[in-house]
Amino acid sequence: MLLYTSPSSQLTTTNPEEVLKRYARGERDFRGINLSEEMLSWVDLEGINLSGAQLYVSILEGVNLTEANLTRANLSWIDLTAATLIKANLTETNLHKADLRGADLSGANLQGSDLSGANLQGADLSGANLQGADLTSAVMSRSFDIGILKLAAL
70 MLLYTSPSSQ LTTTNPEEVL KRYARGERDF RGINLSEEML SWVDLEGINL
120 SGAQLYVSIL EGVNLTEANL TRANLSWIDL TAATLIKANL TETNLHKADL
170 RGADLSGANL QGSDLSGANL QGADLSGANL QGADLTSAVM SRSFDIGILK
220 LAAL
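Counting from 70, one number per residue, gives the positions in the sequence shown under our numbering.
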């Protein structure tokens, strides 16, 4: 069982059930948590701090991450299909090969993020900051405002 330290608690396990219990009690700081290869779908995690978290190959389908902090998190190969990431901070986040089909990333900060090979079909990127983002081989099915993509690496 993986362990991490939280500024507000003693050493704690990092299973999805424990995270949901602590979130329900009002805790939002889960920096550096390791939830790789876990399933945590269709839950509300609005405003959660997952900066530096390890969530690669996890399934977070339909999860609400509105205004979440995912700065420098590892979300490679993650399933975020139909997830809500409105105004989320994804600065310098690894989203390599992430499945973001139908995700709402409106107003999200993706500055410097790795979106190489990501599936963005049907994703809403309106108002998103993609400055310096790597979109190499990303799959996009609809036309985006060229102003959004002008500073991204295509």
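Ideal Cβ positions, reconstructed from N, Cα and C, are used throughout, including at glycine.
Separation of Ser210 and Ser175 (C-alpha to C-alpha, rounded to the nearest whole angstrom) is 17 Å. Distance from the CA of Leu129 to the CA of Leu109, rounded to the nearest whole angstrom, comes to 5 Å. Scanning Arg91, Leu139, Gly171, Leu154 for the CA closest to the CA of Asn188 turns up Gly171. Ala93: member of the alpha helix (DSSP H) spanning 85-93, first to last residue. Here the C-alpha atom of Ser120 lies approximately 5 Å from the C-alpha atom of Thr140.
Cβ atoms of Asp148 and Asp168 come within 8 Å of each other, at about 5 Å. In the three-state reduction of the DSSP assignment, Met108 falls in the strand class, which pools E and B. Here Ser127 is buried, its C-beta having at least 16 other C-beta atoms within 10 Å. With a cutoff of 8 Å on beta-carbon distance, Asn133 and Leu159 are scored as not near each other. Between Glu161 and Gly181, the C-beta gap is smaller than 8 Å, which places the two residues in contact. In its chain, beyond the 5 residues on either side, Thr135, Glu136, Asp173, Leu174, Ser175, Gly176, Ala177 have a beta carbon closer than 8 Å to the beta carbon of Ile155. Taking C-alpha positions only, Val88 is separated from Asp98 by approximately 10 Å.
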